Amino acid sequence: MKGFVLSTLATLAGATVLIGTQNASVVTASLTAAATTVSPKPTTLFPAETVQLTNEVLAAVSSNVRNANISDVFHFADPYTDSTLSKKNPRSCKVMPGDVSWPKNLLWNTLDTLLGKRLIKTVPLAAYCYPEWPEYDADKCANITSQWAVSNLHMYDPVSIMLPRYEGRTCMAPGYNYTKTCELGSYPTYVVNASTNTGHDFNGKSSGKGALSIWTHWFKDKAFYPQYKAANGYSLGVSVVGGEAVTVGLGGGHTAGGGHSPLSSMYGMAADQVLAMEVILANGRFITASSTENSDIFWMLRGGGGSTIGVVTSLIVKALPRLPTTTVTFNFTINDAPNVDAFWKGIEAYFVNFEDFINAGTYGYYYVGASATEIGTDDAGSTDYYFRMHSVVAPNMTIAETKALLAPWYNVLDSLNITYTPWYNHADNFHDSWAVALPQEYVGAAAVKTASRSPAPT
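For reference, each letter of the sequence shown is one residue, going -15 to -1, 1 to 443 in mature numbering (1 follows the signal peptide of the UniProt record, and there is no 0).
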């Protein structure tokens, strides 16, 4: 984070920097040249990554700031040592807004200036629906409420998450809320609009009370290296292992958390596809992490969880051969079965055949619930059970081959007199089939909880 904050100093000229209670004027010329580095090999940097903070930049800025030393303020690149760790009180609580030690508005304003006015003070998405919030707007509230279950609404908001139960459900749209009030809850206090991945965590791990979040929604640059060679060597193709949802970006928390994919049964997790990463560490250093360079950090970033090591600004991932793909979508409810026992036996039959489906390289994404709406508490105790196969994804299989694979399950459903209608789609490439079968998901409901995904075969 400090590296990102201070990199903006490279383009500041004649600005005013407030340090502590002093007003220190920067009168230096542009420092862009000092902050631009040569692209490390074998990777090539995106334009935004070429502006980097260096010790020379810090020294140049400090020399032009009266009564202050920039490095003393930001502690750039200071490693943790035994002496610094010993100063930490293991019994001290995390500083929260309202505490005496919480940064004053003056410091937040200074940070905003250094970031080029990219600091966003958090307002919950549904705050427009609550008169106690200054943002209250009945028209905006009506639009938000009508779109609350649409994933794109949350994706384009810097703080909202898809599954609000993981935040605490502290500010929900009317009709979805549990508390009838709106509070900041576990949303971060401030967000940095880093402006270049979709910037959301499906399960809300990117949220945190009293946190400063970095919104990476606009990290979307791509490049193709037809003859890139990693340490072990490989040939590039035309498919990549990405997320299931259309709102999930390839980088960020998806890869950092492991990254399940419709292609995982065939190729493994998203983290298995990464060959190198560009990372801004917590001490401000901008590094390359790969199997041969900073290998410990590379290991940690591939499944160790997001928001733990630093900010990943770009990745080099494997591209794989073009894959013709078949998808299957269908559902059945308690009303499609002769009785409740038959309904659950139909679901049981899926799990009985589960291992065979996975070993064949397919992927299943499904919902099991007690109410098709799952809004608020109105459906508590409902027995309106349903099973919805969002999609079976069968890479490198025809429709006929997919039908044959699923036949043992279908045979059980037929024997139980369960009514269902499979809908098949096939394309000569993975992307087009995926786009049809896995559109935007139903999100925003406080009663939904995701569970384990289909693992790759062992």
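Think of the CB as a built atom: it goes at the ideal place given N, C-alpha and C, for glycine as much as any other residue.
Computed from a prediction, not measured in an experiment: that's the story for all the values here.
- Item | C-beta contact flag for H139 and I129 at 8 Å | As a working note, residue 139 is residue 154 in the sequence shown. As a working note, residue 129 is residue 144 in the sequence shown. No; because the gap between Cβ atoms is not below 8 Å, this pair is not in contact.
- Item | Spatial distance of G331 from V397 (CA atoms) | Translated into the one-based positions of the sequence shown, residue 331 becomes position 346. Translated into the one-based positions of the sequence shown, residue 397 becomes position 412. Their Cα atoms are separated by approximately 7 Å.
- Query: Between T240 and A255, is the Cβ-Cβ spacing less than 8 Å?
  - Reply: Residue mapping note: residue 240 aligns to position 255 of the sequence shown, counting from 1. Residue mapping note: residue 255 aligns to position 270 of the sequence shown, counting from 1. For T240 and A255, yes; Cβs fall inside 8 Å.
- Task: Give me the Cα-Cα distance between W329 and Y351, rounded to the nearest whole angstrom.
- Result: To locate residue 329, count along the sequence shown from 1; it is residue 344. To locate residue 351, count along the sequence shown from 1; it is residue 366. Straight-line Cα distance between these residues: approximately 14 Å.
- Give the DSSP-derived three-state secondary structure of N94 in the structure shown. For the purposes of this step, residue 94 is identified with residue 109 of the sequence shown, where counting begins at 1. Residue state, collapsed to three classes: helix.
- Query: What's the gap between the Cα of Q258 and the Cα of L391?
  - Reply: On the sequence shown, position 273 is the one that residue 258 refers to. On the sequence shown, position 406 is the one that residue 391 refers to. Roughly 29 Å separates the two Cα atoms.
- Inter-stretch contact (C-beta, 8 Å, three-pair minimum) for the region 303 to 315 and the region 406 to 423: yes
- Message: Within a Cβ cutoff of 8 Å, which residues of the same chain sit near V325, ignoring the five residues on either side of it in sequence?
- Response: The sequence position of residue 325 within the sequence shown is 340, counting from 1. I319, T368 and Y370, listed in sequence order.
- Query: Taking all protein chains shown into account, do 16 or more other C-beta atoms lie within 10 angstroms of the C-beta of K303, making it buried, or fewer, making it exposed?
  - Reply: By 1-based counting over the sequence shown, the position of residue 303 is 318. Answer is buried; the Cβ neighbour count reaches 16.
- Could you give the residue range of the beta strand (DSSP E) that holds K106? Numbered from 1 along the sequence shown, position 121 holds the residue referred to as residue 106. First-last of the beta strand (DSSP E) with K106: L104 to K106.
- Query: Where does the unbroken alpha helix (DSSP H) through T240 begin, and where does it stop?
  - Reply: Translated into the one-based positions of the sequence shown, residue 240 becomes position 255. Taken as a continuous stretch (DSSP letters only), the alpha helix (DSSP H) holding T240 covers G238 to A241.
- N410 beta carbon less than 8 Å from that of T312: Within the sequence shown, numbered from 1, the residue matching residue 312 stands at position 327. Within the sequence shown, numbered from 1, the residue matching residue 410 stands at position 425. The answer is yes: Cβ separation under 8 Å.
- Please report how far the alpha carbon of N344 lies from the alpha carbon of M251, in whole angstroms. In the sequence shown, counting from the first residue as 1, residue 344 sits at position 359. In the sequence shown, counting from the first residue as 1, residue 251 sits at position 266. Distance between the alpha carbons of N344 and M251 is about 8 Å.
- Message: Taking DSSP's pairing of strands, which residues face L266 in a bridge?
- Response: As a working mapping, residue 266 is identified with position 281 in the sequence shown. Looking at the DSSP assignment, L266 forms a beta bridge with G295.
- Task: Can you have a look at P323 and say buried or exposed, based on whether 16 or more other CB atoms are within 10 angstroms of its CB?
- Result: Taking the sequence shown and counting its residues from 1, the one referred to as residue 323 is at position 338. The residue in question, P323, is exposed, as its Cβ has fewer than 16 Cβ neighbours within 10 Å.
- Item | Beta-carbon proximity check, Y161 vs K106, cutoff 8 Å | Within the sequence shown, the letter at position 176 stands for residue 161. Within the sequence shown, the letter at position 121 stands for residue 106. No.
- Message: Taking the straight line between their C-alpha atoms, what separation do you get for R103 and A389?
- Response: Taking the sequence shown and counting its residues from 1, one reaches residue 103 at position 118. Taking the sequence shown and counting its residues from 1, one reaches residue 389 at position 404. Each residue's Cα considered, the two are about 54 Å apart.
- Task: Measure the C-alpha to C-alpha separation of T35 and W87 and round it to an integer number of angstroms.
- Result: Residue numbering aside, residue 35 sits at position 50 when the sequence shown is read from its first letter. Residue numbering aside, residue 87 sits at position 102 when the sequence shown is read from its first letter. Looking at the two C-alpha atoms, the distance is approximately 33 Å.
- Item | Bounding residues of the beta strand (DSSP E) (the contiguous stretch that carries F317) | Looking up residue 317 in the sequence shown gives position 332. Taken as a continuous stretch (DSSP letters only), the beta strand (DSSP E) holding F317 covers T310 to T318.
- Query: Where S280 and E229 are concerned, what is the direct C-alpha to C-alpha distance, given to the nearest angstrom?
  - Reply: Against the sequence shown, residue 280 aligns to sequence position 295. Against the sequence shown, residue 229 aligns to sequence position 244. Spanning the two alpha carbons is a distance of roughly 28 Å.
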